[in-house]
């Protein structure tokens with residue numbers, strides 16, 4: 625919040641304060657800190673990057689709400705609903721500039737708080753090299769999330785989407801930023817290349833599981849806990865895991881209902897769609913896939929040394945698999 629605590633014009637900073645004070649899991653920022661801890665780094669060295677990832681994530685939410693015409697986020701009016709589309713676009717763009725500004729501070733901080741029996745590599749050249757790598761990962765995530773959102777919008781206009789296409793889309797739209805968070809944490813902490821790869825894999829897998837769980841909660845969740853209207857993806861013809869999976873096997877009237885969900889925006893009877901998802905086994909399949917991805921995420925951490933950070937990362941993977949919000 626200190627990035628936006630003051631600043632003018634108010635038409636830019638008031639929406640940013642509204643966004644950043646609305647709560648949320650702060651998952652991506654936390655993953656940066658834990659990734660750093662898991663490779664033996666200090667929390668202080670990862671703080672600027674943690675702030676930057678939170679900026680990137682909230683940028684995507686502000687713009688995503690504009691594109692989806694979402695009126696509510698985390699139980700509060702969205703920026704575009706409160707201030708209009710033009711302000712929302714401007715506020716989101718400015719948040720990204722603040723993210724890069726925060727990220728640049730990484731070069732001024734040490735990567736490791738302790739050497740742990742290894743050669744100390746905290747000279748200035750090494751820190752600048754790490755910053756180059758961090759900026760590359762961050763910029764790639766920025767690009768990928770925009771491409772993923774583009775696929776998401778494109779798929780709304782298509783009758784059918786394969787599971788392979790869906791997986792690629794959520795890998796770009798959701799998993800890339802989560803993967804970048806844990807990878808950047810490892811880089812900020814001075815992790816070895818193998819450690820950095822392990823933490824990126826971990827992030828990719830929990831990111832995919834996170835989005836599939838989000839898709840499921842859009843149908844099965846409690847709106848008070850979820851923070852959004854249930855059935856929003858159905859109304860917007862979103863190609864979710866449940867829809868793509870159910871369309872593979874649905875027949876007769878079930879298939880007809882799913883085709884209407886896939887091809888036209890508008891209110892739909894969520895209870896009827898949920899019944900189809902249950903009959904086709906799509907909900908059960910989504911839950912199995914979440915369990916599979918969660919196990920794979922924890923397996924990716926196997927080569928890392930034991931630490932508080934690693935233990936919490938394992939716990940986070942398990943908690944995200946069963947989350948209700």
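Numbering (the working numbering), first residue to last: 625 to 949. Idealized CB from N, CA, C, for every residue including glycine.
**Request:** Assuming residue 862 and residue 909 form a contact by the criterion Cβ under 8 Å, report the distance between their Cβ atoms to the nearest whole angstrom.
**Result:** The Cβ separation is near 17 Å, so there is no contact.
**Message:** Less than 7 Å between C-beta atoms, sequence neighbours within five positions excluded: which residues of the same chain meet that for residue 934?
**Reply:** Listed in chain order, the non-local C-beta contacts of residue 934 below 7 Å within the same chain comprise 662, 925, 928, local neighbours out to five positions each way being set aside.
**Asked** Between the region 689-697 and the region 626-642, do at least 3 Cβ pairs fall closer than 8 Å?
**Response** These segments do not touch.
**Message:** For residue 776 and residue 793, I'd like the C-alpha separation in whole angstroms.
**Reply:** If I take the Cα positions, the gap works out to 7 Å.
**Prompt:** Considering only C-alpha positions, which residue in the set 708, 944, 630, 692 is nearest to residue 918?
**Reply:** Residue 944 is the option with its Cα nearest to residue 918.
**Message:** Counting beta carbon pairs with one atom in the region 824-835 and one in the region 671-682, are three or more of them shorter than 8 Å?
**Reply:** These segments do not touch.
**Request:** Would you mind sorting residue 654 into buried or exposed? The rule is 16 or more other CB atoms within 10 Å of its CB.
**Result:** Counting Cβ neighbours within 10 Å, residue 654 comes out buried, since at least 16 surround it.
**Request:** Give the secondary structure of residue 744 by DSSP, where H, G and I count as helix, E and B as strand, and everything else as coil.
**Result:** Note on residue 744: pLDDT 47, under 50, position unreliable in the model; the coordinate value appears next. Judged by DSSP in its simplified three-state form, residue 744 adopts coil rather than helix or strand.
**Message:** Considering just the uninterrupted stretch of the alpha helix (DSSP H) at residue 876, what are its terminal residues?
**Reply:** Residue range 876-887 is occupied by the alpha helix (DSSP H) that includes residue 876.
**Request:** With a floor of 4 residues, list each alpha helix (DSSP H) that falls wholly inside the region 819-866, ordered by position along the chain.
**Result:** Runs of the alpha helix (DSSP H) lying entirely within the region 819-866 and spanning at least 4 residues, in chain order: 847-850, 856-859.
**Prompt:** For residue 782, which residues does DSSP report across the bridge?
**Reply:** Answer is none; residue 782 lacks a bridge partner.
**Asked** Where are the alpha helix (DSSP H) runs, 4 residues long or more, that stay fully inside the region 641-691, in chain order?
**Response** Complete alpha helix (DSSP H) runs here, min 4: 651-662.
**Prompt:** Near residue 803, what residues of its chain come up, given a Cβ to Cβ distance below 7 Å and the 5 sequence neighbours on each side ignored?
**Reply:** Same-chain partners within the cutoff: 824, 827, 828, 831.
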